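In our numbering, the protein residues as written are 28 to 166. Here a beta-carbon is modelled for each residue, glycine too, at the ideal position from N, C-alpha and C. Note that this is a predicted model, so its numbers are computed, not measured. Notes for the one structure printed next.
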């Protein structure tokens, strides 16, 4: 018997995987490589930690990155400052401020909310695949 807690856990895992694939493919197309250094994209970088569920699957919070830049964000305070600077230069101060505001909001998604997020991500992924003529292939 599948409980709602198990269903929720499986759905969160699926969303994490789908979000990562979508962001990596989207940014490979948009930037050609890591948003920060240009090396091949290996990870989905979260500007605000994944622990903040209000923005965990918000595409404004995800950037394609190499493994090195993804790791540097956790340990290098200068790099953290540079991430914020590059985000603002690319998307604008208002976008950064809005992301920070949303990230500080509490969020408890229902299973219906998670299903809606999944549908939105699937639609976005499919659109990127069609543009790249890659439908059916995952990044």
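Looking at the backbone, the Cα of residue 66 and that of residue 60 are separated by about 5 angstroms. For residue 61, there is no enclosing beta strand (DSSP E), as DSSP gives it neither H nor E. By the C-beta criterion, the segment 75-89 is judged to be in contact with the segment 130-150, since at least 3 inter-stretch pairs fall below 8 angstroms. Look at residue 93 here: in three-state DSSP terms it is coil, with no helix or strand label.
Residue burial is scored here from C-beta neighbours: residue 148 has at least 16 other C-beta atoms within 10 angstroms and is therefore classed as buried. Distance from residue 74 to residue 114 at the Cβ level is roughly 6 angstroms; contact confirmed, criterion being Cβ atoms closer than 8 angstroms. Under the 8 angstroms Cβ criterion, the segment 121-129 counts as touching the segment 83-92, having at least three qualifying pairs.
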